[in-house]
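Chemist: One line per chain: the protein sequences are Y and S, in this order. Numbering (the numbering used here) for the first sequence: 879 to 1161. Numbering (the numbering used here) for the second sequence: 854 to 1439.
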Amino acid sequence: MSDPAPDTRLRPPAVAKALLTIREEVPAWLRWGLGVIPILALILLWWMVTGSGPAEERVISPTILPSPLEVVRSFPKLWFERALTRNAAVSLGRVAAGFAVGVAIAFPLGLLMGAFTKVKAMFNPIAVFGAYLPIPALVPLTLSLFGTGERQKVAFLALAFTIYLLPLIVQAVDAVDDVYLKTAYTLGAGTWAAVRKVLLAVAWPDIYQAMRLGFGIGWSYIILAEMVDIGRGLGGIIIVSQRQGPREHIYLVLLAIVAIAFVTDKLWQLGGRALFPYRERAR
Amino acid sequence: MSGAEKRGETMADKVGPTVLGKVVITIFVLALLGGAAYFLRDYIMPAGRGQGDIDLDAFRQQQGKVEAPDTAGITTVNEYAYVPAEKLPPVKGVSAYQWDANEKVVQFPINVWIGWLPIVAANNGFRPNEESIFFKEYGFKVNLKLIDDPVTARDAFASGESHVLWGTLDMMVLFAPELMKDSRTAPRIYQQVDWSSGGDGIVVRGAIASARELKGKTVVYAQNSPSQYFFNNLLLNAGLQPSEVNHRFTATAFEAAAAFVADSSIDACVSWAPDIYTIPEKVPGTRILTTTAEASKLIADVWAVRADFAKDHPDIVKGLVSGIFKAMDRLKDDTFRGRAMQWMAEGYGMSADEVRAMEADAHSTNFAENKNFFLNQNDPANFERTWKNITFVYRELGLLGTPVRFDEVMDFSVIKELDRAGTFANQVDEYRTTFAPTSYSKVQAEAPILTQTIRINFYPNSSNIYEPQHDETGRPMANTLYDPTVEATLEKVARLSGQYERAVIAVVGHTDSSMRGRGVRFEDVKQLSLDRADAVKQALVKKYRFDPNKFVVEGQGWNVPADPEQADNHALNRRVEISVYPPESQ
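1) State the start and end residues of the unbroken beta strand (DSSP E) segment that holds S/N996.
2) Grouping DSSP H, G and I as helix and E and B as strand, with all else coil, what is S/F1162?
3) By Cβ distance, which residues of its chain are closer than 6 Å to S/P922, with the 5 residues on each side in sequence left out?
4) Report buried or exposed for Y/G1149, applying the criterion of at least 16 other Cβ atoms within 10 angstroms of its Cβ.
5) For the putative contact between S/A1359 and S/V1394, defined by C-beta atoms under 8 Å, what is the C-beta separation to the nearest angstrom?
6) Hey, out of S/R1371, S/V1246, S/C1122 and S/G901, whose CA is closest to S/T1071's CA?
7) Could you run through the segment 941-963 of chain Y and flag, in chain order, every residue whose CB is less than 7 Å away from some CB of chain S?
8) Taking the C-alpha atoms as reference points, what is the distance between S/V1174 and S/P1095?
9) Along chain Y, in chain order, which residues have C-beta atoms closer than 7 Å to that of S/Q1297?
10) Per the DSSP calculation, S/S1217 is bridged to which residue(s)?
11) When you compare the CB of S/I897 with every CB in chain C, is at least one pair closer than 8 Å?
12) Name, going along the chain, the residues of the segment 1009-1030 of chain Y whose beta-carbon falls closer than 7 Å to a beta-carbon of chain S.
13) Interface residues of chain S around Y/Q1120 at Cβ under 7 Å?
14) Can you find a C-beta in chain Y that's less than 8 Å from the C-beta of S/D1035?
15) When DSSP labels each residue in this structure, what does S/T1306 get in the three-state scheme?
16) Kindly list, in the order they appear in chain Y, the residues whose Cβ is closer than 9 Å to that of S/L1027.
17) Is it buried or exposed, S/T1218, if we count other Cβ atoms within 10 angstroms and call 16 or more buried?
18) Would you kindly check if the distance between the Cβ of S/F1220 and the Cβ of S/F1178 is under 8 Å?
19) Leaving out five residues on either side along the sequence, give the residues of the same chain with a beta carbon under 6 Å from the beta carbon of S/V1056.
20) I believe Y/L1044 touches Y/L987 by the beta-carbon criterion, under 8 Å. Please report the beta-carbon distance rounded to the nearest angstrom.
21) Helix, strand or coil for S/R1501, going by three-state DSSP, please let me know.
22) For S/D1154, which beta-bridge partners are listed by DSSP?
23) For S/I1243, which residues from the same chain have a beta carbon less than 7 Å from its beta carbon, with the 5 sequence-adjacent residues on both sides left out?
24) Below 9 Å on C-beta distance, what does S/E1108 contact in chain Y?
25) Against Y/P1083, what residues of chain S qualify as contacts under a CB-to-CB distance less than 8 Å, listed in chain order?
26) If we count the other Cβ atoms within 10 Å of its Cβ and call it buried at 16 or more, is S/F892 buried or exposed?
27) Using a Cβ-Cβ distance under 8 Å, would Y/S930 count as near chain S?
28) Please report the straight-line C-alpha distance between Y/V1017 and Y/W1146, rounded to a whole angstrom.
29) Measure the C-alpha to C-alpha separation of Y/L1023 and S/E1108 and round it to an integer number of angstroms.
30) Step through the CB atoms of chain Y and report whether any lies within less than 8 Å of the CB of S/D1116.
31) With 8 Å as the threshold, decide whether the Cβ of S/V1072 is near any Cβ in chain Y.
32) Look up S/Q1094 in the DSSP assignment and say whether it is helix, strand or coil.
33) Thinking just about the alpha-carbon of each residue, which of S/K1034, S/V936, S/E1407 and S/T1287 is nearest to the one in S/H1363?
34) Quick one: give me the first and last residue of the beta strand (DSSP E) that S/A1075 is part of.
35) What are the boundary residues of the alpha helix (DSSP H) that includes S/V877?
36) Around the C-beta of S/W966, are 16 or more other C-beta atoms found within 10 angstroms, so that it is buried, or is it exposed?
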């Protein structure tokens, strides 16, 4: 592919060689490199406060924060004895199931709320109420409604997803420009055709983006969901490690969750590119 | 589209594989990956360390490792001879807890539990103040903080924000290995504050009358809590594998009770008062299987001090221990007791009535009881035996890697010092149940909580459990035992009897039927089995100083084979059964 023409529109000529330029074009390698610096700095800081010397000489005791090396060393135990991958698969399954249920509720409701003002007026108070709700406090409620098994976990996650996704979907539909609607009406579209072919069609990429962001929050609730009937799942490993140790596993599972969230986010991104290529090009 | 791209496309069409070829290659690659994944499945997705079967013989054996065989028996208090400092891990480095040398405030977190009443009483409330026994007598203040979550309490202890860690001994067993990674946060236990006495219990649904009937049932309880120890200890003592029961875990005991009530597919729950008492009242078809009212020396509440703090402030540690004992004396006064409960209610944000309702959940352990717990090697429910029993149960459940020895955390130096000074000589053991004489037929009115089958290999026709081996001519050989594991077996029964301090224990002897129909009178066989049961009882009473009336004995002869379907399995039938009966049936 040929090089793009140098874009000088956004660059004040006087500071052409400055370190920081507003909305500068940065090559991919540099972007990656810059992104790695804080991570390395963080690990260095971690290593400095924990080190590898005797426990008594460290800034932070290993009974609170083990050193990076200790954490890495305990990985085989987590992988083999505590079955990291199996538990990760279980948790991923729960997040996915909760997400599916959450979308099944939030998507139609959000679409209708975004399209019809009366529906919105009806459900908005609940949605606002939900947004301010401290979701962790609902664990005992889901417990008594759904028991202690798999259903409770999925239901709790679904609740969290619904509360998160609903306003975003409403907003996505809301944001569709009136121009498209007017055009559709001029061309003779009925109400449902306008909802389906205009509102939904135009809002799709934004809804998809909301779902992509929303999928990540499931992981922040997984520990709460897995507090009951602890046994399988990453949340269970964390809870058990807090009591029995090793501490290292708590931090490893956190890293594992971040890694899984990163990979799934990349998949969402790839999916978005495949589904809405026009969006990518517009950016 | 640029020309270059177009060219590339057409070239690919010409020289690249066909569509079919691509599909075949893709399938081939996927098959390779799949095959590799399948081959390496134990590495990619290991199943984890499941809970295998527990060697019940090991359960018996480990109980015997407490001490070397001692056929002479002991009838007196036998105190530890070593100095705690020899066994406790030395503290290294600079102390790392928060401390203001002028204010001298000990940060002491507690949970909601009536057992802490003496501490609240000694401190004149929760806040640090100058009216407390601690300040008036020992010159330091204590800040009692409500931290109900054990993990939070542990983290505050590890970070040096608090100097003390509350907990049951079984929690300490789990926390100790991690905390001992840093010699400064190693827990030092100086005092027992109470035994759970009705505060923990097991509630069952339906017709479950005895621990054995839990086989195949579903139970819910809080993992890593006294509930877990209570329940699995019960299973093991009843001869059940924990894997024979379906365990469901919650984070707290309250959730376990809620789950049991909400989900009728759960057959049992282990929880705390008041839930264990309110559930049978509210939920039809449920009943209490057992509580720590019977297993009254099973769950010990203690507090531990950071090792670096204990090293720097031995006077404060001694002051804490003494102040708590003093408060126990003062709490005998009803007016003061009422005031202390009011302070406790304020600290917990509860009503005084709610605190009073918890009063029966725990028994405060005074100086004499602490002396027994820490110093008396022969006490069947002392620190050492309790610690070892917990360690065994948790290790077998796969919850514990390298366990910590009891003498690495237990520091009896303060108790010993107070004993020598005679400071609390006025306090006597108030937690020994006295049993009225009863009989086997009477205690049988109710189902036993659990029945444990033990095997002592008696020499033919002998009822002496310490019978030596005999040579070919039939002469006894000195310094031998016909059953070399008899001490270990007795130890197991002693621990069970010690844990169920308030329960009546039935010792029932059985013989095989090898001589049936060969001119032997049944009365003689019955007498032999009775003598053997009585020998077990006498050995226990002598060695562990049990009240003789705690045990009832019975001889069944060959009437009750262990397994009716293998009535001729003589080895199986030569046995003694130990049953634990609730105290009501006395």
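C-beta: ideal position from N, C-alpha, C; glycine also.
Modeler: In terms of the structure at hand:
1) In this chain, the beta strand (DSSP E) harbouring S/N996 covers K994 to L999.
2) Residue state, collapsed to three classes: helix.
3) Legend: pLDDT at S/P922 = 41, less than 50; position of this residue unreliable, no value from coordinates given.
4) The C-beta of Y/G1149 has fewer than 16 other C-beta atoms within 10 Å across all chains shown, which makes the residue exposed.
5) That pair is no contact at about 14 Å.
6) For the residues S/R1371, S/V1246, S/C1122 and S/G901, the minimum Cα distance to S/T1071 belongs to S/C1122.
7) Per Cβ criterion, the list reads T941, I942, W957, F958, E959, R960, A961 and T963.
8) If you take the alpha carbons of S/V1174 and S/P1095, they lie about 38 Å apart.
9) The contact set of S/Q1297 on chain Y, defined by CB atoms closer than 7 Å, is empty, because the minimum CB distance reaches about 37 Å.
10) Bridge partners of S/S1217: S/D1047.
11) Looking at the structure shown, chain C is missing, and the protein chains on hand are Y and S.
12) Going along the segment 1009-1030 of chain Y in chain order, one finds P1018, L1021, S1022, G1025 and T1026 with a Cβ nearer than 7 Å to chain S.
13) Per Cβ cutoff of 7 Å: V1004.
14) S/D1035 belongs to the set of residues whose beta carbon lies under 8 Å from a beta carbon in chain Y.
15) S/T1306 falls in the strand class under three-state DSSP.
16) Within chain Y, the residues near S/L1027 are R1121, Q1122 and G1123.
17) Using a 10 angstroms sphere on the CB of S/T1218, the tally of other CB atoms reaches 16 or more, which defines it as buried.
18) Their beta carbons are under 8 Å apart, which means S/F1178 touches S/F1220 by this criterion.
19) Excluding residues within five positions, the ones whose Cβ falls inside 6 Å are C1122, I1129, I1132, T1139 and I1141.
20) Indeed they touch by this definition, with Cβ atoms about 6 Å apart.
21) Residue 1501 of chain S lies beyond the residue range present for chain S, which begins at 854 and ends at 1439; the question has no answer from this structure.
22) Residue pairing by DSSP places S/D1154 opposite S/T1021 and S/D1047 in a beta bridge.
23) The answer, listed in chain order, is L1022, D1023, V1026 and Y1082.
24) Going along chain Y in sequence order, the residues near S/E1108 (Cβ under 9 Å) are V1017, P1018, L1021, T1026, M1105 and V1106.
25) Neighbours of Y/P1083 on chain S: none; closest Cβ ~25 Å, over 8 Å.
26) Counting of Cβ neighbours within 10 angstroms places S/F892 among the exposed residues, the total staying below 16.
27) Interface flag for Y/S930 against chain S is unset, since no Cβ pair is found closer than 8 Å.
28) About 29 Å.
29) Using only the alpha carbons, I get a separation of about 13 Å.
30) Yes, S/D1116 lies at the interface with chain Y (some Cβ there is under 8 Å from its Cβ).
31) For S/V1072, the answer is no, since every Cβ of chain Y falls outside 8 Å of its Cβ.
32) Reduced to three states, the DSSP call for S/Q1094 is coil.
33) Nearest neighbour of S/H1363 by Cα position, chosen from S/K1034, S/V936, S/E1407 and S/T1287, turns out to be S/E1407.
34) Run containing S/A1075: T1071 to A1075, per the beta strand (DSSP E) assignment.
35) Per DSSP, S/V877 belongs to the alpha helix (DSSP H) from V872 to F892.
36) Result: buried.
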